[in-house]
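S.K.:
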Amino acid sequence: MRLLTAVLLLLAPCMGWAQSPPTLEQADTDWNRLRLHGDAQALAPLLADDWLLTHSDGRIQHKADYLQELATRQRRNTRIDNEDVQIRHYGNTAVITGTSVQAAVSDGKPWEGRFRFTRVWVQRDGHWQMVASHSSRLAEAAP
């Protein structure tokens with residue numbers, strides 16, 4: 002019996018058992034890491050089913066469309082570096098703001114820029130899920 006218990010304890014992390022849910026900070030870090038690696042399958046649980054992304058050009062995108070772009074590599078992020086990140090908690094909701102320096106290729110066209118972002122996260126059943134994300138491109142500094 003002790004051997005079985007020891008084996009189960011060793012397998013628990015590999016099988017996802019007995020792991021505490023990620024903190025909000027970890028979930029937000031995972032959002033960036035998984036986008037950078039194009040891992041749509043691992044990213045899906047971090048996004049609420051009604052998640053909405055508002056791009057810097059005003060275009061909106063829903064969860065399924067965004068994940069499809071990542072999965073098919075229509076969108077490939079090559080850089081995501083965040084600065085000045087601030088987290089504000091409001092009960093089971095949190096707002097994360099900051100600046101993101103990004104580069105990517107979308108539909109075969111490379112782009113890069115600095116963006117201000119706002120992400121809204123909600124804690125549901127002990128897990129953080131993003132419900133909305135918005136970005137605004139920062140103006141280029143004059144030489």
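My numbering applies: residue 2 is where the sequence shown begins, and numbers increase by one. The beta carbon of each residue, even a glycine, is placed where N, CA and C say it ideally should be.
Within 10 angstroms of the Cβ of Ile61, are there 16 or more other Cβ atoms? Answer buried if so, exposed if not.
M.R.: Exposed: under 16 other Cβ atoms inside 10 Å.
S.K.: Can you say whether Trp112 is buried or exposed, counting buried as having 16 or more other CB atoms within 10 angstroms of its CB?
M.R.: Exposed, since its Cβ has fewer than 16 Cβ neighbours within 10 Å.
S.K.: Short of 6 Å in beta carbon distance, which residues of its chain neighbour Trp146, apart from the five on each side in sequence? Order them along the chain.
M.R.: Here the chain covers residues 2 to 144 and nothing more, so residue 146 does not appear.
S.K.: Compare the C-alpha of Pro23 against each of Pro46, Asn78, Ala65 and name the closest.
M.R.: Looking at the Cα atoms, Pro46 is the closest of the given residues.
S.K.: By DSSP, does Arg34 sit in helix, in strand, or in coil?
M.R.: Looking at Arg34 - three-state DSSP - the assignment turns out to be helix.
S.K.: Would you mind stating whether Thr94 and Phe118 have Cβ atoms separated by less than 8 Å?
M.R.: Taking 8 Å as the Cβ cut-off, Thr94 and Phe118 do not qualify as a contacting pair.
S.K.: When you compare only the Cα positions, how much space is there between Val115 and Glu84?
M.R.: This sequence places Arg at residue 115; Val is not what is there. Rounded to whole angstroms, Arg115 to Glu84 spans 10 Å at the Cα level.
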